[in-house]
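**Student:** Below you will find the structure I want to go over with you.
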Amino acid sequence: MHVFTDPTNLQAYLDSFLWILKLTGASAVLALLWGVLLAAMRVSPIPVLRAFGTAWVNLFRNTPLTLIIFFCYFGLFVNLGASLSDDLELNNFWLGVVGLAAYTSAFVCEAIRSGINTVPVGQAEAARAIGLTFSQTLRLIILPQAARAVVAPLGSILIALTKNSTIVGTIGLLEASNVMKQLINDNGDAVIPIFLVFAGTFVLLLVPTGYVFGWLAKRLAVKR
Amino acid sequence: MRTKGIVALAAMAALAFSAAACGGGGDDDNAGGGGSTATGVVGKAEREKKLVIGVKADQPGLGLQTGQQYEGFDIEIGKIIAKALGVDAANIEWKTTVSANREPFIQQGTVDLVVATYTINDERKQKVSFAGPYFVAGQDLLVPMNSTITGPESLEGKKVCSVTGSTPAKRIQTDYPKASLQLFDAYSKCVEALANNAVDAVTTDDIILAGYASQSQYAGKFKVVGKTFSTEPYGIGLKKDDKSSCEKINEILKAAATDGSYKTAWDATLGKSGTPAPTLDVSKLTNCG
Numbered sequence: 035m036h037v038f039t040d041p042t043n044l045q046a047y048l049d050s051f052l053w054i055l056k057l058t059g060a061s062a063v064l065a066l067l068w069g070v071l072l073a074a075m076r077v078s079p080i081p082v083l084r085a086f087g088t089a090w091v092n093l094f095r096n097t098p099l100t101l102i103i104f105f106c107y108f109g110l111f112v113n114l115g116a117s118l119s120d121d122l123e124l125n126n127f128w129l130g131v132v133g134l135a136a137y138t139s140a141f142v143c144e145a146i147r148s149g150i151n152t153v154p155v156g157q158a159e160a161a162r163a164i165g166l167t168f169s170q171t172l173r174l175i176i177l178p179q180a181a182r183a184v185v186a187p188l189g190s191i192l193i194a195l196t197k198n199s200t201i202v203g204t205i206g207l208l209e210a211s212n213v214m215k216q217l218i219n220d221n222g223d224a225v226i227p228i229f230l231v232f233a234g235t236f237v238l239l240l241v242p243t244g245y246v247f248g249w250l251a252k253r254l255a256v257k258r
Numbered sequence: 006m007r008t009k010g011i012v013a014l015a016a017m018a019a020l021a022f023s024a025a026a027c028g029g030g031g032d033d034d035n036a037g038g039g040g041s042t043a044t045g046v047v048g049k050a051e052r053e054k055k056l057v058i059g060v061k062a063d064q065p066g067l068g069l070q071t072g073q074q075y076e077g078f079d080i081e082i083g084k085i086i087a088k089a090l091g092v093d094a095a096n097i098e099w100k101t102t103v104s105a106n107r108e109p110f111i112q113q114g115t116v117d118l119v120v121a122t123y124t125i126n127d128e129r130k131q132k133v134s135f136a137g138p139y140f141v142a143g144q145d146l147l148v149p150m151n152s153t154i155t156g157p158e159s160l161e162g163k164k165v166c167s168v169t170g171s172t173p174a175k176r177i178q179t180d181y182p183k184a185s186l187q188l189f190d191a192y193s194k195c196v197e198a199l200a201n202n203a204v205d206a207v208t209t210d211d212i213i214l215a216g217y218a219s220q221s222q223y224a225g226k227f228k229v230v231g232k233t234f235s236t237e238p239y240g241i242g243l244k245k246d247d248k249s250s251c252e253k254i255n256e257i258l259k260a261a262a263t264d265g266s267y268k269t270a271w272d273a274t275l276g277k278s279g280t281p282a283p284t285l286d287v288s289k290l291t292n293c294g
């Protein structure tokens with residue numbers, strides 16, 4: 035355990051998980067907003083929007099995340115010049131957030147859409163009968179019920195997102211997987227302990243998350 | 006499903022056993038064999054006429070893998086050693102190593118030797134033994150032709166690219182904290198970023214940089230600054246306490262320096278970038294202790 039008693043190593047370890055939390059937080063918010071919009075597009079009466087939503091989901095859900103993140107750096111930033119911050123580290127961070135959000139929103143969209151399918155069709159028919167427009171029906175009647183049905187799957191997506199955020203390490207952010215690699219490189223004699231500490235930290239972060247979402251799902255479920 | 010699982014488990018166990026048996030073989034050196042009395046990897050190579058050498062796969066000019074072929078200066082050095090031990094070039098098994106797994110590979114016997122831009126330092130000497138050095142490199146900077154960067158001092162506020170966990174990256178972090186450090190998992194990505202002006206410089210050992218600068222797709226675009234700010238003696242890694250093999254390899258290197266095979270190896274690989282062959286300073290060879 036001498037590796038983590040060294041103050042610089044300890045600081046690197048703490049910073050690395052702070053990046054993981056920041057990446058997860060920022061991209062979770064973006065992915066949720068964009069995912070809900072995508073789901074709305076996919077059930078909308080406008081063919082162009084439906085096609086766009088379907089295309090987005092199929093494209094990003096089926097592309098390896100490493101490639102998406104890599105494209106964010108070499109495509110968006112290097113070739114198209116989309117610089118998101120003057121600070122090198124923050125720029126990489128936001129490029130990573132964009133990639134993670136684009137990828138995760140596809141999964142959020144599909145979860146929400148499956149939730150929409152749990153809402154009985156009579157609800158939408160009744161809403162239309164009292165004269166609500168499509169967007170009113172969706173916002174006031176369908177989505178609130180759909181969202182309560184998909185709390186558990188959204189929790190799974192959040193857990194996957196937390197672990198996926200280590201992939202931003204490929205564009206140089208010093209997050210958990212990179213710092214682990216660095217520590218292993220410096221301390222070839224303590225490979226297993228270092229690995230266990232990093233894996234254990236993820237377990238510590240994610241097991242409670244799973245339970246919280248399980249509890250929320252039960253509490254919020256629509257009793258039919 | 007269940008039977009399948011059991012079969013798979015049994016297969017894994019069998020694999021593990023055979024792997025263990027292989028690993029053990031290298032250790033009892035004096036047992037049996039075809040007449041050689043030498044111990045350690047040298048003895049093993051002379052008896053079995055086979056050698057497993059760990060090399061880099063992503064460093065042009067030093068150790069580069071294209072398809073199943075490996076080529077570069079490290080590869081040539083490996084061939085010189087193998088030849089002197091009576092091992093045919095065809096019987097050398099090249100294994101790709103990265104900076105992080107060189108010590109474990111030697112310690113676990115996955116490879117017999119490591120010739121992979123392997124800097125000799127005291128920390129590593131705790132875990133493995135080094136023969137050589139067969140070349141002395143130094144950390145340097147690769148910049149675009151028209152760059153104003155003249156050395157590590159002029160890096161302030163510039164973006165420098167290196168590889169995660171590498172010694173050059175660490176030196177930038179500690180000695181030149183005013184430079185922003187972009188990290189990737191391979192130098193090839195750094196060079197790609199440099200070609201697109203996303204970073205201002207790439208840093209690692211001068212000789213690796215020269216290898217990239219001489220790649221045809223980057224010809225005339227980059228220059229190596231030429232002001233080294235570290236000394237990196239490249240050694241040949243082998244199991245700790247394998248003193249006799251280490252001494253034997255040093256003798257082979259000594260012979261290679263005088264009979265011209267060292268220069269031939271250089272001219273066929275790194276020498277292509279125009280750098281004349283260095284002289285192998287035999288007085289600097291390690292004492293294998």
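Protein chains in written order, with our numbering: chain A, 35 to 258; chain B, 6 to 294. Glycine included, each C-beta is placed from N, C-alpha and C at the ideal position.
1) So if DSSP puts residue 229 of chain B in a beta bridge, which residue, or which two residues, is it bridged to?
2) Check the Cβ of residue 187 of chain B against every Cβ in chain A and list those closer than 8 Å, keeping chain order.
3) Can you tell me which of B:150, B:156, B:157 and B:191 puts its alpha carbon nearest to the alpha carbon of residue 170 of chain B?
4) Where does residue 214 of chain A land, buried or exposed, given buried means 16+ other C-beta within 10 angstroms?
5) Between the alpha carbons of residue 54 of chain B and residue 272 of chain B, how many angstroms are there, rounded?
6) When you compare only the Cα positions, how much space is there between residue 37 of chain B and residue 246 of chain B?
7) Assuming residue 54 of chain A contacts residue 200 of chain A (C-beta within less than 8 Å), just tell me the rounded distance between them.
8) In whole angstroms, what is the alpha-carbon distance linking residue 99 of chain A and residue 130 of chain A?
9) Mind listing, in chain order, the continuous beta strand (DSSP E) runs of no fewer than 3 residues lying wholly within the stretch 44–119 of chain B?
10) Just verifying my parser: in three-state terms, what is the DSSP assignment at residue 276 of chain B?
11) Taking any Cβ of chain A, which residues in the stretch 75–105 of chain B have a Cβ under 7 Å from it, in chain order?
12) Helix, strand or coil, according to DSSP, for residue 166 of chain B in the structure here?
13) Between which residues of its own chain and residue 22 of chain B is the CB-CB distance below 8 Å, once the five residues before and five after are set aside?
14) Going by Cα to Cα distance, which pick from A:84, A:44, A:103 and A:181 is closest to residue 204 of chain A?
15) Does the ligand FAD have a heavy atom nearer than 8 Å to the CB of residue 57 of chain B?
16) I'd like the list of long-range same chain contacts for residue 46 of chain A, defined as Cβ closer than 6 Å, with 5 residues on each side in sequence excluded.
17) Decide if residue 40 of chain B is buried, meaning its Cβ has at least 16 other Cβ atoms within 10 Å, or exposed.
18) Starting from residue 240 of chain B, trace the alpha helix (DSSP H) in both directions and tell me its first and last residue.
19) With a cut-off of 8 Å on the beta carbons, I'd call residue 108 of chain A and residue 136 of chain A a contact; round off their distance for me.
20) Which residues mark the beginning and the end of the alpha helix (DSSP H) in which residue 264 of chain A is found?
21) Which residues, in order along the stretch 152–170 of chain B, keep a beta-carbon less than 7 Å from a beta-carbon of chain A?
22) If we ignore side chains and look at the alpha-carbon of each, how far apart do residue 280 of chain B and residue 61 of chain A end up?
23) Give a yes or no on contact between the stretch 125–133 of chain B and the stretch 56–72 of chain B, applying the rule of three or more CB pairs nearer than 8 Å.
24) Measure how close the beta-carbons of residue 247 of chain A and residue 185 of chain A come, nearest whole angstrom, since I'm counting them as under 8 Å.
25) Quick check on residue 209 of chain B: does DSSP put it in helix, strand or coil?
26) Excluding sequence positions up to five away, which residues of its chain have a Cβ less than 6 Å from the Cβ of residue 187 of chain A?
27) With a 10 Å radius around its C-beta and 16 neighbouring C-beta atoms as the bar for buried, classify residue 42 of chain A as buried or exposed.
28) Please list the partners that residue 190 of chain B has in chain A, where partner means a Cβ-to-Cβ separation under 7 Å.
29) Does residue 286 of chain B get closer than 9 Å to chain A when you measure Cβ to Cβ?
30) Chain B partners of residue 215 of chain A, CB-CB under 9 Å?
31) Against chain A, which members of the stretch 251–285 of chain B pass a CB distance test of less than 8 Å?
32) Return the CA-CA distance between residue 50 of chain A and residue 163 of chain A, expressed in angstroms with no decimal places.
33) Please say whether residue 83 of chain A and residue 75 of chain A have beta carbons closer to each other than 9 Å?
34) With the cut-off set at 9 Å, would you say residue 275 of chain B and residue 258 of chain B are in Cβ contact?
35) Is it the case that the stretch 153–164 of chain B contacts the stretch 220–235 of chain B, given that we only count it when at least three CB pairs across the two stretches are under 8 Å?
36) So, are the CB atoms of residue 150 of chain A and residue 73 of chain A less than 9 Å apart?
**Tutor:** Based on what the coordinates show:
1) The partner list for residue 229 of chain B (beta bridge, DSSP) reads B:147.
2) Neighbours of residue 187 of chain B on chain A, chain order: 122, 126 and 206.
3) Checked all of B:150, B:156, B:157 and B:191; the closest Cα to residue 170 of chain B is B:191.
4) Buried, because 16 or more other Cβ atoms sit within 10 Å of the Cβ of residue 214 of chain A.
5) Rounded to whole angstroms, residue 54 of chain B and residue 272 of chain B show a C-alpha spacing of 27 Å.
6) Caution applies to residue 37 of chain B, whose pLDDT of 40 falls short of 50 and renders its modelled position unreliable; the value that the coordinates give is listed next. Roughly 21 Å between the two C-alpha positions.
7) Right, their Cβ atoms sit about 7 Å apart.
8) Distance between the alpha carbons of residue 99 of chain A and residue 130 of chain A is about 10 Å.
9) The stretch 44–119 of chain B contains these whole beta strand (DSSP E) runs: 56–60, 68–71, 74–76 and 97–101.
10) Correct three-state label for residue 276 of chain B: helix.
11) Cβ proximity to chain A below 7 Å picks out 104 and 105 from the stretch 75–105 of chain B.
12) Here DSSP, grouped into helix, strand and coil, assigns residue 166 of chain B to strand.
13) Residue placement at residue 22 of chain B cannot be trusted, given a pLDDT of 46 that sits under 50; what the coordinates show is reported in the next sentence. Taking residue 22 of chain B as the centre and dropping the five residues before and after it, the same chain places no C-beta closer than 8 Å to its C-beta.
14) A:103 is the residue among A:84, A:44, A:103 and A:181 whose C-alpha sits nearest the C-alpha of residue 204 of chain A.
15) Only the bare structure without any ligand can be found here, which leaves the ligand FAD out of the picture.
16) So the list reads 213, once near-sequence residues are dropped.
17) Any answer about residue 40 of chain B is weak, because its pLDDT of 47 lies below 50 and its placement is not dependable; what the coordinates show is given next. Counting Cβ neighbours within 10 Å, residue 40 of chain B comes out exposed, since fewer than 16 surround it.
18) Segment 237–244 is the beta strand (DSSP E) holding residue 240 of chain B; no alpha helix (DSSP H) there.
19) So it is not a contact: roughly 15 Å between Cβ atoms.
20) Absent from the structure is residue 264 of chain A, since the part of chain A shown begins at 35 and ends at 258.
21) Shown in chain order are the members of the stretch 152–170 of chain B whose Cβ falls below 7 Å from a Cβ of chain A: 164, 169 and 170.
22) When rounded, the distance between both Cα atoms is 49 Å.
23) The stretch 125–133 of chain B, when compared against the stretch 56–72 of chain B, does not touch it at the 8 Å Cβ threshold.
24) Confirmed, about 6 Å.
25) If DSSP states are grouped into helix, strand and coil, residue 209 of chain B belongs with the strands.
26) Cβ within range, chain order: 145.
27) The residue is exposed, with fewer than 16 neighbouring Cβ atoms inside 10 Å.
28) Simply 204.
29) Not closer than 9 Å to any Cβ of chain A, the Cβ of residue 286 of chain B fails to qualify, so no.
30) What residue 215 of chain A touches in chain B: 105, 169, 170 and 190.
31) If you check each beta-carbon in the stretch 251–285 of chain B against every beta-carbon of chain A, none falls closer than 8 Å.
32) Spanning the alpha carbons of residue 50 of chain A and residue 163 of chain A requires a straight line of approximately 54 Å.
33) Residue 75 of chain A is a Cβ neighbour of residue 83 of chain A, given a cutoff of 9 Å.
34) Their beta carbons are not under 9 Å apart, which means residue 275 of chain B does not touch residue 258 of chain B by this criterion.
35) In short, these stretches touch, since the Cβ pair count reaches three.
36) Residue 150 of chain A places its beta carbon less than 9 Å from that of residue 73 of chain A.
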